[in-house]
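Student: Following this message is one structure expressed as structure tokens.
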Amino acid sequence: MPTSADSVFIARSAGISAEGVRDQYADGKAAKVWEIFIGDKNSRTENYKNFLIELLRSKGCRRILDVACGTGVDSIMLLEEGYEVVSVDASDKMLKYALKERWNRRKEPAFDRWIIEEANWLTLYDDIKPIVGEGFDAVICLGNSFAHLMDDSGAQLNHKQAIQNFQMCLKTGGILFIDHRNYDDILETGDTPAKSIYYNTSHTADIKTSVLLYCGKPAMVTMDYLIEGNNLSSEFRLSYYPHALQNFTKILKEIFGEKSKHKLYGDFKEIQVEKKPAFYIHLIEKQ
Ligand SMILES: C[S@@+](CC[C@H](N)C(=O)[O-])C[C@H]1O[C@@H](n2cnc3c(N)ncnc32)[C@H](O)[C@@H]1O
Numbered sequence: 001m002p003t004s005a006d007s008v009f010i011a012r013s014a015g016i017s018a019e020g021v022r023d024q025y026a027d028g029k030a031a032k033v034w035e036i037f038i039g040d041k042n043s044r045t046e047n048y049k050n051f052l053i054e055l056l057r058s059k060g061c062r063r064i065l066d067v068a069c070g071t072g073v074d075s076i077m078l079l080e081e082g083y084e085v086v087s088v089d090a091s092d093k094m095l096k097y098a099l100k101e102r103w104n105r106r107k108e109p110a111f112d113r114w115i116i117e118e119a120n121w122l123t124l125y126d127d128i129k130p131i132v133g134e135g136f137d138a139v140i141c142l143g144n145s146f147a148h149l150m151d152d153s154g155a156q157l158n159h160k161q162a163i164q165n166f167q168m169c170l171k172t173g174g175i176l177f178i179d180h181r182n183y184d185d186i187l188e189t190g191d192t193p194a195k196s197i198y199y200n201t202s203h204t205a206d207i208k209t210s211v212l213l214y215c216g217k218p219a220m221v222t223m224d225y226l227i228e229g230n231n232l233s234s235e236f237r238l239s240y241y242p243h244a245l246q247n248f249t250k251i252l253k254e255i256f257g258e259k260s261k262h263k264l265y266g267d268f269k270e271i272q273v274e275k276k277p278a279f280y281i282h283l284i285e286k287q
């Protein structure tokens with residue numbers, strides 16, 4: 001039976017991006033607060049920078065595709081570390097901040113060469129084919145971004161198509177680095193940890209969580225964020241598909257091949273160390 005939770009529950013911002021996907025960031029509210037929420041530009045990526053850079057170095061990666069660049073936070077960190085970066089996102093409201101940063105820092109060669117495109121994961125490979133060339137060393141999709149993509153078919157065809165597109169953008173031996181919140185735990189407890197493992201933010205966030213069941217199955221998790229601090233109080237709502245860990249791993253293996261190397265991390269630590277993480281981070285290699 002087709003499940004389209006989207007047709008039952010309307011998110012606050014139902015804008016459609018130029019790319020044709022529903023853009024939950026279209027009203028600009030989350031985009032504006034995001035920059036404030038993720039905090040000071042110099043320290044905000046400290047939590048996961050060493051982990052990511054070390055990993056990319058150990059795999060000999062040079063050319064990176066950030067498929068959910070948003071306001072550009074991960075891409076900028078990688079540019080500053082000397083990587084060649086191509087960044088895409090479906091939301092012009094989010095990209096606006098990345099484009100502004102590129103313009104402000106255009107005198108730095110890495111920023112002058114930074115390619116930023118509006119693109120949708122469902123058509124990604126065709127959208128950026130000329131840029132893909134022989135393939136990227138790594139594709140990154142971080143910050144619980146992938147879960148924004150809903151399941152229109154009931155068989156997760158959208159999810160498979162998007163991951164297939166990520167895989168096609170990689171060269172042989174290239175890696176996909178993709179995360180999602182611990183939805184197994186969210187569905188069990190009905191609660192989302194508000195502390196960000198990603199950003200050194202001085203602003204506190206409260207997240208009110210709702211779970212939508214469609215034909216008896218969890219089909220959408222909606223998070224109402226309240227961000228407070230420094231005389232700021234702002235609310236926005238984002239909705240996600242609740243990826244169960246086992247099933248998400250199965251889809252990755254289905255697209256990349258059963259024999260492909262897959263490694264799981266919890267909150268940027270070995271999974272044995274962090275048994276009940278807020279985020280699962282998957283690393284999978286193209287054969
Ligand atoms: C939570 S933001 C994360 C941005 C950034 N990685 C970070 O951590 O700050 C998620 C991003 O995914 C993008 N996105 C959602 N669905 C998309 C799709 N189908 N194609 C391309 N981008 C999409 C949104 O526009 C948004 O900018």
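Residue numbers (the UniProt record's numbering): 1 to 287. Ideal Cβ positions, reconstructed from N, Cα and C, are used throughout, including at glycine.
Quick one: grab the DSSP three-state call for glutamate 80.
Tutor: Glutamate 80: helix per DSSP, three-state reduction.
Student: Anyone know if the C-beta pair for isoleucine 116 and leucine 99 falls short of 8 angstroms?
Tutor: yes
Student: Roughly how far, in whole angstroms, is the beta-carbon of isoleucine 140 from the beta-carbon of phenylalanine 177, given that I think they are within contact range, below 8 angstroms?
Tutor: 5 angstroms
Student: If I measure Cβ to Cβ from glycine 28 and keep anything under 6 angstroms in the same chain, skipping five residues before and after, which residues do I get?
Tutor: Lys93
Student: Within 10 angstroms of the Cβ of valine 85, are there 16 or more other Cβ atoms? Answer buried if so, exposed if not.
Tutor: buried
Student: Using only alpha-carbon positions, find the residue among Gln246, Thr71, Leu238, Val132 that is nearest to leucine 65.
Tutor: Val132
Student: Any heavy atom of ligand 1 inside 7 angstroms of the beta-carbon of cysteine 61?
Tutor: no
Student: Which residues mark the beginning and the end of the beta strand (DSSP E) in which methionine 220 is found?
Tutor: 217-229
Student: In its own chain, which residues sit with a C-beta less than 8 angstroms from the C-beta of lysine 276, not counting the 5 before and 5 after it?
Tutor: Asn182, Asp185, Gly266
Student: With a CB to CB cut of under 6 angstroms and the five nearest residues on each side skipped, what residues in its chain are close to asparagine 104?
Tutor: If we look at asparagine 104 and ignore the five residues flanking it on each side, it has no Cβ neighbours.
Student: For the alpha helix (DSSP H) containing histidine 148, list its first residue and its last residue.
Tutor: Segment: none, histidine 148 is in no alpha helix (DSSP H) and carries neither H nor E.
Student: So is lysine 107 buried or exposed if we call it buried at 16+ other beta carbons inside 10 Å?
Tutor: exposed
Student: Measuring CA to CA, which of Lys96, Phe279, Phe256, Glu274 is closest to glycine 72?
Tutor: Lys96
Student: Output the boundary residues of the alpha helix (DSSP H) element that contains residue 290.
Tutor: Residue 290 is absent from the structure shown; the chain starts at 1 and stops at 287.
Student: How would you write the range of the beta strand (DSSP E) that alanine 138 sits in, first residue to last?
Tutor: Residues 136-141.
Student: Please state the DSSP three-state secondary structure of lysine 275.
Tutor: coil
Student: Is any heavy atom in ligand 3 found nearer than 7 angstroms to the beta carbon of valine 73?
Tutor: Annotation note on ligand 3: not contained in the displayed structure, which lists ligand 1 as its ligands.
Student: Taking the Cβ atom as the reference point for each residue, do isoleucine 197 and phenylalanine 279 lie within a distance shorter than 8 angstroms?
Tutor: The Cβ atoms of isoleucine 197 and phenylalanine 279 sit closer than 8 angstroms to each other.
Student: May I ask you to verify whether the segment 149-164 touches the segment 75-82, counting CB pairs closer than 8 angstroms and requiring at least 3?
Tutor: no
Student: Where does tyrosine 265 sit, in a helix, a strand or coil, going by DSSP?
Tutor: Tyrosine 265: strand per DSSP, three-state reduction.
Student: With distances taken between CB atoms, is the gap from cysteine 169 to phenylalanine 146 smaller than 8 angstroms?
Tutor: no
Student: Can you tell me where the alpha helix (DSSP H) with aspartate 127 in it begins and where it stops?
Tutor: According to the DSSP assignment, aspartate 127 belongs to the alpha helix (DSSP H) that extends over 124-132.
Student: Would aspartate 89 be called buried (16 or more neighbouring beta carbons within 10 Å of its own) or exposed?
Tutor: buried
Student: What is the DSSP secondary structure of glutamate 270, reduced to helix, strand or coil?
Tutor: Glutamate 270: strand per DSSP, three-state reduction.
Student: Alpha carbon to alpha carbon, how far is tyrosine 240 from methionine 220?
Tutor: 6 angstroms
Student: By the three-class DSSP mapping on this structure, what secondary structure does alanine 162 have?
Tutor: helix
Student: Rank Lys261, Tyr48, Ala244, Val33 by C-alpha distance to the C-alpha of histidine 180 and give the top, closest one.
Tutor: Ala244
Student: CB of residue 289 to nearest heavy atom of ligand 1: below 7 angstroms?
Tutor: It is not possible to answer for residue 289, since the shown part of the chain is limited to 1 through 287.
Student: Are the CB atoms of leucine 79 and tryptophan 121 within a distance shorter than 8 angstroms?
Tutor: no
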